[in-house]
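A.B. asks:
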Ligand SMILES: Cc1cc2nc3c(=O)[nH]c(=O)nc-3n(C[C@H](O)[C@H](O)[C@H](O)COP(=O)(O)O)c2cc1C
């Protein structure tokens with residue numbers, strides 16, 4: 044798959060087969076992530092790879108409970124409450140792998156650096172026939188002391204991009220894009 048095809052066919056995947064993803068493949072995705080640019084070439088990221096099913100289930104459970112106690116801004120609370128109150132709703136969509144890209148906290152461009160690495164990882168996964176989805180719902184709890192301990196993250200790191208990875212059950216349909224706001228400044 045060439046770059047253009049990966050960019051245009053990558054979709055958020057939320058349904059996976061039960062097939063696992065091996066460590067070698069995950070290493071290749073991390074290598075692709077690390078080719079991203081970073082401010083002052085600091086490469087301040089780290090990668091927590093969760094494949095343990097019990098830990099994946101724990102992260103979903105804890106993150107949902109945390110969101111009920113601390114509703115995020117910008118989402119209607121009734122919708123959130125309904126979703127995260129559902130014991131059958133797995134915020135990680137039963138994916139076999141969660142890769143959390145984190146950054147040292149004393150980096151001014153932590154979010155930018157990790158987000159660039161995240162997009163590289165998602166495109167590389169797409170090119171390898173894998174599906175991914177960035178799970179913002181998991182981020183806040185993963186940033187708590189309990190969350191960091193669960194993904195073996197030192198206290199001076201903060202999670203930025205929790206990304207699930209797995210073999211897609213089906214190819215999700217295209218998601219329409221809005222027309223771009225372009226301001227040409229030519230003269
Ligand atoms: C920062 C960020 C957070 C996201 N959080 C979630 C999430 O918690 N759960 C989810 O199902 N999708 C999440 N997504 C996926 C978006 O919903 C998805 O990318 C968007 O609907 C566009 O679809 P596409 O990725 O297939 O183009 C997130 C995406 C981003 C970039």
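Residue numbers (this note's numbering): 44 to 230.
Glycine included, each C-beta is placed from N, C-alpha and C at the ideal position.
Taking 8 Å as the cut-off, does the region 123-130 touch the region 78-95 (at least 3 CB pairs, one atom from each stretch)?
C.D. replies: no
A.B. asks: Which term fits residue 50, buried or exposed, when burial requires 16 or more other beta carbons within 10 angstroms of its beta carbon?
C.D. replies: exposed
A.B. asks: Short check: CB of residue 64 to CB of residue 176, under 8 Å?
C.D. replies: no
A.B. asks: Which residue's Cα is closest to the Cα of residue 158: 144, 168 and 170?
C.D. replies: 144
A.B. asks: Less than 8 Å between the beta carbons of residue 205 and residue 196, yes or no?
C.D. replies: no
A.B. asks: Between the beta-carbon of residue 103 and the beta-carbon of residue 69, is there less than 8 Å?
C.D. replies: Going by C-beta atoms, residue 103 is not nearer than 8 Å to residue 69.
A.B. asks: Name, in chain order, the residues that DSSP records as bridge partners for residue 209.
C.D. replies: 174
A.B. asks: Less than 8 Å separating the beta-carbons of residue 170 and residue 106?
C.D. replies: no
A.B. asks: Would you mind working out which of 124, 92, 149 and 71 sits nearest residue 85, comparing C-alpha positions?
C.D. replies: 149
A.B. asks: Is any heavy atom of ligand 2 found at a distance shorter than 7 Å from the C-beta of residue 170?
C.D. replies: Ligand 2 is absent from the structure shown, which contains only ligand 1.
A.B. asks: Using only the alpha-carbon positions, how far apart do residue 211 and residue 200 sit?
C.D. replies: Straight across, the Cα-Cα distance linking residue 211 with residue 200 is about 31 Å.
A.B. asks: Under a three-way DSSP split, which group does residue 56 fall into?
C.D. replies: coil
A.B. asks: Let me know the secondary structure DSSP gives residue 222 once reduced to three states.
C.D. replies: coil
A.B. asks: Would the beta-carbon of residue 208 fall within 8 Å of that of residue 142?
C.D. replies: Closer than 8 Å, so yes.
A.B. asks: What are the start and end residues of each continuous alpha helix (DSSP H) run of 4 or more residues lying completely inside the region 95-166, in chain order?
C.D. replies: The qualifying runs are 96-112 and 120-128.
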